[in-house]
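Novice: For reference, the structure I am asking about is given below.
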Amino acid sequence: MSDITIVVDCNDADFARDICAALQQFPDVTALLPHHRAVRDAQYASCWFPDPQLLTRSPGLKLIRAASAGVDHLPPALFASEIPLCRVIDEDFRHGMFEYALWSVLWFQRHFDRALAHQRTQTRKLYPQRAAADFHIGIMGLGEIGGYIADQLARLGYRVSGWSRSEKQLTGVTCYRGEEALDHFLGSLDGLINLLPLTAQTRGILAAPLFNRLPAGAVLINCGRGEHMVNDDVLAALESGQLAGAVLDVFPQEPLPADDPLWRHPQVVITPHMASAAPAEVIARQLLENIQRQRRGLPLKNPVNKHAGY
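The opening residue of the sequence shown carries number 1 in our numbering; numbering runs sequentially from there.
Okay, here's the thing in structure tokens:
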């Protein structure tokens with residue numbers, strides 16, 4: 001038996017095998033898939049939508065790491081346990097999210113959405129160029145990823161505001177906190193980027209009550225969580241003109257059902273949950289680093305606040 005035994009419990013078999021292969025590159029590590037008879041002896045776990053019975057099947061776990069930045073895919077039993085939870089935060093992952101956000105902003109700011117619509121009708125039409133400083137971007141969620149994206153967009157000259165549950169201070173970003181500041185945050189935006197964690201308070205937040213607080217003609221970029229969004233309300237806001245367009249990477253049900261009208265809406269860009277992803281090698285390396293930190297009695301990196309849910 002190796003010094004470190006890890007169960008890799010993911011609902012995507014290829015993803016699980018990739019993580020196992022990455023872990024096996026390290027000495028003294030045994031990586032097991034959930035059906036292996038030795039999972040009962042596993043000390044650590046890497047998870048993506050794991051079996052709800054994970055703790056029963058591997059009762060000796062000392063550390064659980066989500067194979068992602070979000071942790072809403074973990075079953076409630078893991079939050080209720082005494083076992084530390086951690087998540088993946090990586091510079092390349094953060095920058096990948098920024099690239100997706102920047103592309104989405106440029107799509108609307110530079111009128112690529114309109115250019116594509118005119119291409120479909122073989123029409124040539126020019127639009128006035130809009131400077132970054134004249135395009136007001138609001139970011140909901142100023143954690144590790146949202147704060148990074150806000151900072152990067154501000155450095156590029158955009159007017160950036162951010163909203164979060166707790167107080168934040170970011171250079172070049174106007175920060176708002178709490179429900180009482182939401183109207184001020186939303187009231188002058190050209191584009192809204194959602195990067196909130198999924199909690200009981202944020203579930204369904206991208207819905208008519210919020211859209212109606214935006215200026216008419218604002219655009220929505222959702223690369224947070226699918227369950228933040230009420231699809232029918234997004235569609236209604238697009239049809240009424242309250243939203244001028246949307247770039248949507250995540251949905252309450254994935255893949256989005258083939259008959260969902262969002263697929264065919266001319267003002268919507270749909271991407272397949274591709275805003276960013278941590279490579280298996282990063283997931284493996286960060287898990288093993290935290291295992292060593294735990295063994296040495298050092299603070300874990302990227303811990304999950306179980307009470308807050310992220």
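Built from N, CA and C at the ideal position, the CB exists for glycine as well. As the structure is a computational prediction, the values presented were derived from the model and not from experiment.
Could you pull the start and end residues of the alpha helix (DSSP H) that arginine 65 belongs to?
Specialist: Arginine 65 -> not in any alpha helix (DSSP H); beta strand (DSSP E) instead, spanning 63-66.
Novice: Tell whether a beta-carbon distance below 7 Å holds between valine 269 and valine 247.
Specialist: Closer than 7 Å, so yes.
Novice: For aspartate 14, count the other beta carbons within 10 Å of its own beta carbon; 16 or more makes it buried, fewer makes it exposed. Which is it?
Specialist: Exposed, by the Cβ-count rule.
Novice: Straight-line CA distance for alanine 80 to lysine 306?
Specialist: So the alpha carbons of these two residues sit roughly 8 Å apart.
Novice: With C-beta atoms as the reference, is leucine 196 less than 7 Å away from glycine 141?
Specialist: In contact: leucine 196 and glycine 141 (Cβ atoms closer than 7 Å).
Novice: Grab me the residues of valine 304's own chain with a C-beta within less than 7 Å of its C-beta, minus the 5 sequence neighbours each way, in chain order.
Specialist: If we look at valine 304 and ignore the five residues flanking it on each side, its Cβ neighbours are Val71, Leu85, Cys86, Arg87 and Tyr310.
Novice: Since isoleucine 270 is in the beta strand (DSSP E), which residue starts that stretch and which ends it?
Specialist: 268-270 is the span of the beta strand (DSSP E), which, as asked, contains isoleucine 270.
Novice: Looking only at C-alpha atoms, which of Gly191, Asn231, Gly146 and Gly245 sits nearest to phenylalanine 135?
Specialist: Nearest of Gly191, Asn231, Gly146 and Gly245 to phenylalanine 135, Cα basis: Gly191.
Novice: The alpha helix (DSSP H) with glycine 245 in it runs from where to where?
Specialist: Where glycine 245 is concerned, there is no enclosing alpha helix (DSSP H), although the beta strand (DSSP E) it sits in stretches over 243-248.
Novice: Specify the secondary structure class of tyrosine 310 as computed by DSSP and reduced to three states.
Specialist: Tyrosine 310 falls in the coil class under three-state DSSP.
Novice: Assign phenylalanine 112 to one of two classes, buried (16 or more other C-beta atoms within 10 Å of its C-beta) or exposed (fewer than that).
Specialist: Result: exposed.
Novice: Report the three-state DSSP secondary structure of cysteine 20 (helix, strand or coil).
Specialist: Residue state, collapsed to three classes: helix.
Novice: Can you give, in chain order, each stretch of the beta strand (DSSP E) that sits fully within the region 196-225 and has at least 3 residues?
Specialist: 218-222, all fully within the region 196-225.
Novice: Just the C-alpha distance for arginine 40 and glycine 60, rounded to the nearest angstrom, thanks.
Specialist: Between arginine 40 and glycine 60, the C-alpha separation is close to 7 Å.
Novice: Would you kindly work out how many angstroms separate the C-alpha atoms of glutamate 99 and isoleucine 149, rounded to a whole number?
Specialist: Those two C-alpha atoms are separated by around 9 Å.
Novice: Quick test of your reading: leucine 206 and histidine 184, contact by CB under 8 Å. State the CB separation rounded to the nearest angstrom.
Specialist: Actually they do not touch by this definition, with Cβ atoms about 19 Å apart.
Novice: Comparing alpha-carbon positions, which option in Gly172, Leu220, Asp12 and Leu63 lies nearest glutamine 152?
Specialist: The option with the nearest alpha carbon to glutamine 152 is Gly172.
Novice: Compare the Cα-Cα distances from glycine 143 to each of Ser164, Pro76, Pro257 and Phe26 and report the closest residue.
Specialist: If we check each option's Cα against that of glycine 143, Ser164 comes out closest.
Novice: Any idea which residues DSSP pairs alanine 45 with across the strands?
Specialist: Alanine 45 is bridged to Val7 and Ile64.
Novice: Just how far apart, CA to CA, sit asparagine 302 and arginine 295?
Specialist: In a straight line, the C-alpha of asparagine 302 is about 16 Å away from that of arginine 295.
Novice: Work out the CA separation of glutamine 242 and asparagine 212 for me, nearest whole Å.
Specialist: Whole-angstrom Cα-Cα distance: 7 Å.
Novice: I'd like the span of the alpha helix (DSSP H) that includes isoleucine 291, first residue to last.
Specialist: Taken as a continuous stretch (DSSP letters only), the alpha helix (DSSP H) holding isoleucine 291 covers 280-295.
Novice: How far does the beta strand (DSSP E) with leucine 32 in it reach, from first residue to last?
Specialist: Unbroken beta strand (DSSP E) run through leucine 32: 29-32.
Novice: Within this structure, are the beta carbons of cysteine 47 and alanine 21 separated by less than 7 Å?
Specialist: No; because the gap between Cβ atoms is not below 7 Å, this pair is not in contact.
Novice: On the three-state DSSP scale, how would you describe leucine 238?
Specialist: Looking at leucine 238 - three-state DSSP - the assignment turns out to be helix.
Novice: Quick one: Cα of isoleucine 291 to Cα of serine 276, how far?
Specialist: Rounded to the nearest angstrom, the two C-alpha atoms are 25 Å apart.
Novice: My guess is that alanine 101 and cysteine 223 are in contact by the Cβ rule of under 8 Å, so how many angstroms apart are they, rounded?
Specialist: 7 Å between Cβ atoms; contact.
Novice: Work out the CA separation of leucine 74 and phenylalanine 49 for me, nearest whole Å.
Specialist: Roughly 6 Å between the two C-alpha positions.
Novice: Starting from histidine 111, trace the beta strand (DSSP E) both ways and give me its first and last residue.
Specialist: From DSSP, histidine 111 is part of no beta strand (DSSP E); its letter is neither H nor E.
Novice: Bridge partners of valine 230, per DSSP?
Specialist: Answer is none; valine 230 lacks a bridge partner.
Novice: Assuming contact is defined by CB atoms lying nearer than 7 Å, are glutamine 25 and alanine 31 in contact in what I supplied?
Specialist: Not a contact, by the Cβ cut-off of 7 Å.
Novice: Can you grab the Cα-Cα spacing for the pair arginine 37 / glycine 162, in whole Å?
Specialist: Going from the Cα of arginine 37 to the Cα of glycine 162 covers about 48 Å.
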